[in-house]
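>
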Amino acid sequence: GENVEQHPSTLSVQEGDSAVIKCTYSDSASNYFPWYKQELGKGPQLIIDIRSNVGEKKDQRIAVTLNKTAKHFSLHITETQPEDSAVYFCAASKPTGTASKLTFGTGTRLQVTL
Amino acid sequence: GAGVSQSPRYKVAKRGQDVALRCDPISGHVSLFWYQQALGQGPEFLTYFQNEAQLDKSGLPSDRFFAERPEGSVSTLKIQRTQQEDSAVYLCASSLRTGAYSNQPQHFGDGTRLSIL
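So the sequences go chain by chain: B and D.
Using the numbering used here, the first residue of the first sequence is number 258, and each one after it goes up by one.
Using the numbering used here, the first residue of the second sequence is number -18, and each one after it goes up by one.
1. Please report the straight-line C-alpha distance between Lys299 (chain B) and Ala286 (chain B), rounded to a whole angstrom.
2. Mind checking Asn288 (chain B): buried by the 16 CB within 10 Å criterion, or exposed?
3. Which chain B residues sit within Cβ distance under 7 Å of Gly122 (chain D)?
4. Taking the beta strand (DSSP E) that Gln(-2) (chain D) falls in, what are its first and last residues?
5. For the putative contact between Gln22 (chain D) and Thr28 (chain D), defined by C-beta atoms under 8 Å, what is the C-beta separation to the nearest angstrom?
6. How far does the beta strand (DSSP E) with Ala276 (chain B) in it extend, from its first residue to its last?
7. Determine the extent of the beta strand (DSSP E) in which Glu272 (chain B) is found, giving its start and end residues.
8. Confirm, please, whether the CB-CB distance from Leu98 (chain D) to Val(-7) (chain D) is below 8 Å.
9. Using the beta-carbon of each residue, which ones in chain B are nearer than 8 Å to Gly72 (chain D)?
10. Is Glu52 (chain D) helix, strand or coil when you go by DSSP?
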């Protein structure tokens, strides 16, 4: 089955700096790659997603890039703010006849310091 | 409400007891997923419903785990004869639809934190 690796496991940046989180996936059939932000005691919140027919997508301070050949995708957060502090998960899924379950990475704890 | 609602938020049970966890998906969402999240880990898939049909239960760890969605809306995850290793956060997600060639975003509830003593 699909395997998603994520790194780093922890990341500390100063407010205003950029943060980059990287993921690799194993199944070349995967075609949908969402990113989730999870705050303590809350469920994962979708922040951005990308499909395999697109190489890059941006939404304000957040961008995601996808390299299908290398099977990796990255989350970029610019001008980080303290409220960006959370655990971030990447995920991958592939089209099937029915379910499109998500396979998640192990998470990156982002700490934005003042 | 506008989001996925799960209840209870916290559940403490003694080993051997049965528990039932409830999920109210976003209105109109056809697809419903259950995931299990161990401490410090990413969510792991348990099972999937399309309307009332359970189309994938490959992630259920044992036959003690049972899920249903009888009317295609609310879903219940039941765990029988609970064991300590069942302690985790159980997350429910819903999406408009998933099909052979498209994936719709999955929206998660805040989960039920289950602790087995």
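Glycine included, each C-beta is placed from N, C-alpha and C at the ideal position.
With the structure as the only source:
1. Along the first sequence, read from residue 1 onward, the residue named residue 299 (chain B) stands at position 42. Along the first sequence, read from residue 1 onward, the residue named residue 286 (chain B) stands at position 29. Roughly 31 Å between the two C-alpha positions.
2. Taking the first sequence and counting its residues from 1, the one referred to as residue 288 (chain B) is at position 31. The residue is buried, with at least 16 neighbouring Cβ atoms inside 10 Å.
3. Residue 122 (chain D) lies beyond the residue range present for chain D, which begins at -18 and ends at 98; the question has no answer from this structure.
4. Along the second sequence, one-based indexing puts residue -2 (chain D) at 17. Per DSSP, Gln(-2) (chain D) belongs to no beta strand (DSSP E) and is neither H nor E.
5. Numbered from its first residue, the second sequence carries residue 22 (chain D) at position 41. Numbered from its first residue, the second sequence carries residue 28 (chain D) at position 47. Actually they are not in contact, since the Cβ atoms of Gln22 (chain D) and Thr28 (chain D) sit about 18 Å apart, beyond 8 Å.
6. On the first sequence, position 19 is the one that residue 276 (chain B) refers to. From DSSP, the beta strand (DSSP E) with Ala276 (chain B) extends over Ala276 to Tyr282.
7. Taking the first residue of the first sequence as position 1, residue 272 (chain B) is located at position 15. Glu272 (chain B) -> no beta strand (DSSP E), and no H or E assigned at all.
8. Counting from 1 along the second sequence, the entry for residue -7 (chain D) is found at position 12. Counting from 1 along the second sequence, the entry for residue 98 (chain D) is found at position 117. Closer than 8 Å, so yes.
9. Numbered from 1 along the second sequence, position 91 holds the residue referred to as residue 72 (chain D). What sits at residue 72 (chain D) in the sequence shown is Leu, not Gly. Those are Gly300 and Pro301, listed as they occur along chain B.
10. Here residue 52 (chain D) refers to the residue found at position 71 when the second sequence is read from its first residue. Note: Glu52 (chain D) maps to coil in three-state DSSP.
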